[in-house]
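These notes concern the structure reproduced below.
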């Protein structure tokens, strides 16, 4: 009986510690990855700025081949949309900024919440362009959201790395 009480006391103390620590964790997150592509921004934008061309480089279907993407009436420019369903979850995005020189920004809605995302271009010397993909948002709920924030970079960062690598191969492989 004493062992059971001690075990339960330890479990309760651990839960209290996890909750208290979770209350102090941030609920805001930002995931960011960059790559240098040997091409001008306008050439990169042909693949990034048209949602129809995301199939050539986006990494998400590699992770979940059940994903089915549906494009909206517009696939280019501000207001272009796409949505998807798959075993890994459902979501939608809407372009909120579109510039062949600076990149795109979009609102992303998915099962876990909403985020603001962007793929930005920064010209470098010799015609190269640094492409930076970011996603930021707020998990909202303290404790659970705070612990999810700690995992966001590892959950999303690898997909961003893969997508940027695919984009580089696709763009640099074109004449």
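Residue numbers (the working numbering): 1 to 175.
Built from N, CA and C at the ideal position, the CB exists for glycine as well.
According to DSSP, residues forming a beta bridge with residue i
i	result
residue 133	33 and 119
residue 156	DSSP output for residue 156 lists no bridge partner at all.
residue 44	The partner list for residue 44 (beta bridge, DSSP) is empty, contrary to what the question assumes.
residue 92	83 and 109
residue 103	99 and 120
residue 138	28
residue 50	76
residue 114	109
For residue j and residue i, the rounded distance between their alpha carbons
i	j	result
residue 20	residue 40	49 Å
residue 150	residue 5	33 Å
residue 13	residue 23	15 Å
residue 88	residue 159	13 Å
residue 10	residue 3	10 Å
residue 69	residue 80	14 Å
residue 58	residue 123	22 Å
residue 61	residue 100	25 Å
residue 18	residue 25	11 Å
residue 128	residue 121	10 Å
Proximal residues to residue i (C-beta, below 6 Å), its chain only, five neighbours per side dropped
i	result
residue 176	What is shown of the chain runs 1 to 175, which leaves residue 176 out entirely.
residue 30	136
residue 142	23
residue 118	105 and 134
N-terminal and C-terminal residue of the beta strand (DSSP E) that residue i is part of
i	result
residue 82	81-85
Proximal residues to residue i (C-beta, below 8 Å), its chain only, five neighbours per side dropped
i	result
residue 64	86, 87 and 88
residue 43	171 and 174
residue 166	56, 57, 58 and 59
residue 82	51, 54, 69, 70, 71, 72, 75, 92 and 93
residue 90	83, 84, 110 and 111
Residue i: first and last residue of the uninterrupted alpha helix (DSSP H) it sits in
i	result
residue 67	Careful: residue 67 lies outside any alpha helix (DSSP H) and carries neither H nor E.
residue 2	2-24
Own chain residues within Cβ distance below 7 Å of residue i, not counting five before or after
i	result
residue 164	33, 35, 131 and 133
residue 176	The question about residue 176 has no answer here: the residues shown for the chain are numbered 1 through 175.
residue 78	95, 96, 97 and 98
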